[in-house]
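Trainee: If you count the sequence shown from 1, you need to add 24 to reach the working numbering. Beta carbons are placed, not taken as given, at the ideal position from N, Cα and C, and that holds for glycine. Note that the structure is predicted; figures quoted are calculated from it, not measured.
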Amino acid sequence: MLDVLDITKTFNAGTVNEKIAVSSLSLHLDAGDFVTIIGSNGAGKSTLLSAIGGSFYVDSGRIRLNGEDITFVPEYKRSKGIGRMFQDPLKGTAPHMTIEENLALAYLRASTYTSPFSRVSKAQREEFRARLAQLGLGLEDRMKNPVGLLSGGQRQALTLLMATLVTPKLLLLDEHTAALDPATAEKVLELTRRITAEHRLTCLMVTHNIQSALNLGNRTIMMNNGKIVLELSGKEREGMTLPRLMELFRERTRQDLDNDRMLLD
């Protein structure tokens, strides 16, 4: 379904600020896989998602989605098949447009049967309302309100709906609950779990929360210095504890896992 084949990305090459963000990394996802990604700051997690999403082109290697080589496909074209959420709740929506207008933009951008200049029908607006109601936040009664009036948690829930309104081939979640308070973050994670299961989405999710990484989805990978150093699935993942995870990290990298944010979360 998704094949990341030996990709490398270096920023500021040839300067004193040169940084190899991802190094000879390969990863395969089958359809329906939900893979969580953990690692310290600078491990390359967000760079990996940005490379797949098309924020930049990789220096070497290939990326294939459903058998199609998308290595040099522009980001706006990849967005037809790749849904994406970011850490910042302000990034995924247009604040001065209404909830309905944001949903219409997301629908028209991702749908393969419409152009950006198409109009949303009454039936489609009713579908928007029904999908909003499923979030359980009362947003179906505020469709004419500007998105800028919503809280961070409401905006992230709306962004999640926008990213999956037209079922994407792949969903990329880049620490999409990190800016939220714990109670709101848990609600958004539960929505994530429900929506991905309902639509059988293939998903890659970056998180600093180790427990969330082990509880959500069916696979967990750990990155360090731009490489995948550990992958967990099945019984090994189900029985994993933080002390054992730290021990495995030390065995693979010969260094301690000392990221305070990860350990405190």
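When the Cβ atoms of the region 93 to 109 are set against those of the region 174 to 189, are three or more pairs found closer than 8 Å?
Mentor: Touching, per the Cβ criterion.
Trainee: I'd like to check one pair, ILE61 with VAL46: are the Cβ atoms closer than 7 Å?
Mentor: In the sequence shown, counting from the first residue as 1, residue 46 sits at position 22. In the sequence shown, counting from the first residue as 1, residue 61 sits at position 37. Going by C-beta atoms, VAL46 is not nearer than 7 Å to ILE61.
Trainee: Which residue from ILE234, LEU196, GLU222, ARG276 puts its Cα closest to that of HIS79?
Mentor: Reading the sequence shown from its first residue, position 55 is the one you call residue 79. Sequence inspection shows Ser at residue 79; the His mentioned does not correspond to that position. The shortest Cα separation from SER79 among ILE234, LEU196, GLU222, ARG276 belongs to LEU196.
Trainee: Which residues share a DSSP beta bridge with MET247?
Mentor: Taking the first residue of the sequence shown as 1, we reach residue 247 at position 223. DSSP, once it has assigned bridges, lists ILE252 as partnering MET247.
Trainee: Report the three-state DSSP secondary structure of THR122 (helix, strand or coil).
Mentor: The residue given as residue 122 occupies position 98 in the sequence shown. Of the three classes helix, strand and coil, the one that applies to THR122 here is strand, per DSSP.
Trainee: Just the Cα atoms here: how many angstroms apart are SER70 and TYR131?
Mentor: Here residue 70 refers to the residue found at position 46 when the sequence shown is read from its first residue. Here residue 131 refers to the residue found at position 107 when the sequence shown is read from its first residue. Approximately 25 Å between the Cα atoms of the pair.
Trainee: Going by Cα to Cα distance, which pick from MET229, GLN180, ARG224 is closest to ASP305?
Mentor: Residue 305 is absent from the model: the chain starts at 25 and stops at 289.
Trainee: Going by C-alpha to C-alpha distance, which of ARG218, LEU49, GLU42 sits closest to LEU29?
Mentor: As a first step, residue 29 must be located in the sequence shown, where it is residue number 5. The candidate whose alpha carbon is nearest that of LEU29 is LEU49.
Trainee: In this structure, what does DSSP give as the bridge partners for ARG153?
Mentor: Here the question's residue 153 lines up with position 129 in the sequence shown. Its beta-bridge partners do not exist; DSSP assigns none.
Trainee: Evaluate LEU288 with the Cβ neighbour count: other Cβ atoms within 10 Å of its Cβ, from every protein chain shown; 16 or more gives buried, anything less gives exposed.
Mentor: In the sequence shown, residue 288 corresponds to position 264, counting from 1. Only weak support exists for where LEU288 lies, its pLDDT of 49 falling under 50; the value from the coordinates is given anyway. Classification for LEU288: exposed.
Trainee: Along the chain, where does the alpha helix (DSSP H) that runs through PHE273 open and close?
Mentor: Your numbering for residue 273 matches position 249 in the sequence shown. Counting along the chain, the alpha helix (DSSP H) containing PHE273 begins and ends at 266 to 277.
Trainee: For LEU29, which residues does DSSP report across the bridge?
Mentor: By one-based count along the sequence shown, residue 29 stands at place 5. Answer by DSSP bridge pairing, in chain order: ARG86.
Trainee: Have a look at the DSSP bridge pairing and note the partners of GLU92.
Mentor: Residue mapping note: residue 92 aligns to position 68 of the sequence shown, counting from 1. In the DSSP output, where bridge partners are listed per residue, GLU92 has LEU89.
Trainee: Ordered along the chain, which non-local residues of its own chain (more than five positions away) have a Cβ less than 8 Å from that of PRO98?
Mentor: For the purposes of this step, residue 98 is taken as the residue at position 74 of the sequence shown. Only GLY78 meet the Cβ criterion.
Trainee: Exposed or buried, which one is THR265 when buried takes at least 16 other CB atoms within 10 Å?
Mentor: As a position in the sequence shown, residue 265 is number 241, starting the count at 1. The residue is exposed, with fewer than 16 neighbouring Cβ atoms inside 10 Å.
Trainee: Pick out whichever of GLU124, SER236, ASP57 has its Cα sitting closest to the Cα of VAL144.
Mentor: The sequence position of residue 144 within the sequence shown is 120, counting from 1. VAL144 has its Cα closest to that of GLU124, out of GLU124, SER236, ASP57.
Trainee: So, using beta-carbon positions, are ASN239 and GLY63 closer together than 7 Å?
Mentor: Position 215 of the sequence shown, counted from the start, is the residue given in the question as residue 239. Position 39 of the sequence shown, counted from the start, is the residue given in the question as residue 63. Not closer than 7 Å, so no.
Trainee: Tell me the DSSP secondary structure of ASP205 in three-state form.
Mentor: Against the sequence shown, residue 205 aligns to sequence position 181. Note: ASP205 maps to coil in three-state DSSP.
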